[in-house]
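Student:
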Amino acid sequence: MRKPPLRPGRYDPADYAGPVLRSAAEAGVSPVLLMTVLHVEAYKPHHPLLERLWQWWKPGASFGVANMHRATFERVRRAHGLPGRWRDLRDDPAFAVHAAALHMKDLDRRLPRRHVRRYTRDELLALGYNTGERNMRAFARGIPPGPMARSYLRRFRAYRSRAAEALADRGDARGTGRREV
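Quick note: the sequence shown uses the working numbering, first residue 1, plus one each step.
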């Protein structure tokens, strides 16, 4: 698996369509949801060297192409028996994508089936990925998100079509995790 480039302008989440399709299928989540979150989280450089430097400056920083925080990763690792460590997220994009897919699976289990109609289920899961489970459940009940969560939601909506196109280019035109034949 190719590592993200040193220069952030050359990073394209679409490069990880293969791991997104595999991990989404294994976790039972929408590959379009997962790919869209990668696009939203692409705001910072993800090269392992830059992430090591970032960690030196800010020890609690998030890692990997999916920007996962340590506490979140540790919950996912324990719940799913992941073999790797949090630091491995910065060096292994496929592992980072897989951990993100499992986290979304966990969020999906905790999201009530009935929620306000203002948001789609995928939008609530993306908000949960960004703001945490408790906030996701509050948004599902109709509590309005704050400015940072609203900004994340705007970016999620803006990147959704680009994420779907990246997966369609891999033969998954409907975002189901299965290739078209």
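Heads up, the beta-carbon is just placed ideally off N, CA and C, and yes, glycines get one too.
Could you name the residues of the same chain whose beta carbon sits closer than 6 Å to that of Val116, not counting the 5 residues immediately before and after it, in chain order?
Tutor: Within its own chain, the residues whose Cβ lies closer than 6 Å to the Cβ of Val116, once the five positions on either side in sequence are excluded, are Gly142, listed in chain order.
Student: Who are the near neighbours of Ala42 in its chain, counting only those whose CB is closer than 7 Å to its CB and skipping five residues on each side?
Tutor: Tyr11, Pro13
Student: In angstroms, rounded to a whole number, what distance separates the CA positions of Arg137 and Leu102?
Tutor: 18 Å
Student: Measure the beta-carbon distance from Leu167 to Pro31 and round it to whole angstroms, keeping in mind my assumption that it falls under 8 Å.
Tutor: So it is a contact: roughly 6 Å between Cβ atoms.
Student: Can you give me the start and stop residues for the alpha helix (DSSP H) that Met68 sits inside?
Tutor: Met68 -> no alpha helix (DSSP H), and no H or E assigned at all.
Student: Considering only the beta carbon of each residue, do Val97 and Pro19 sit closer than 9 Å?
Tutor: yes
Student: Span of the alpha helix (DSSP H) holding Leu153?
Tutor: 147-168 is the extent of the alpha helix (DSSP H) around Leu153.
Student: For Arg174, which residues of its own chain have a beta-carbon under 6 Å away from its beta-carbon, when the five flanking residues on both sides are left out?
Tutor: Interpretation of Arg174 is limited by its pLDDT of 49, a score under 50 that renders its predicted location unreliable; the figure taken from the coordinates is listed afterwards. So the list is empty, once near-sequence residues are dropped.
Student: So Glu133 packs on Phe156, CB below 8 Å; how close in whole Å?
Tutor: Not quite, the Cβ-Cβ distance comes to about 17 Å (not below 8 Å), so this is no contact.
Student: Please work out which residues of its chain come closer than 7 Å, Cβ to Cβ, to Ala24, disregarding the five sequence neighbours upstream and downstream, and give them in chain order.
Tutor: Contacts found: Ser30, Pro31, Leu34, Ala101, Gly177.
Student: Just reading off the alpha helix (DSSP H) that Phe139 is part of, what are its end residues?
Tutor: For Phe139, the enclosing alpha helix (DSSP H) covers residues 133-141.
Student: When you compare the CB positions of Val40 and Tyr159, do they come within less than 9 Å of one another, or not?
Tutor: yes
Student: Based on DSSP bridge pairs, tell me the residues matched to Phe63.
Tutor: Met68
Student: Sort His80, Arg90, Gly81 by Cα distance to His69 and report the nearest one.
Tutor: Per the C-alpha coordinates, the member of His80, Arg90, Gly81 positioned closest to His69 is Arg90.
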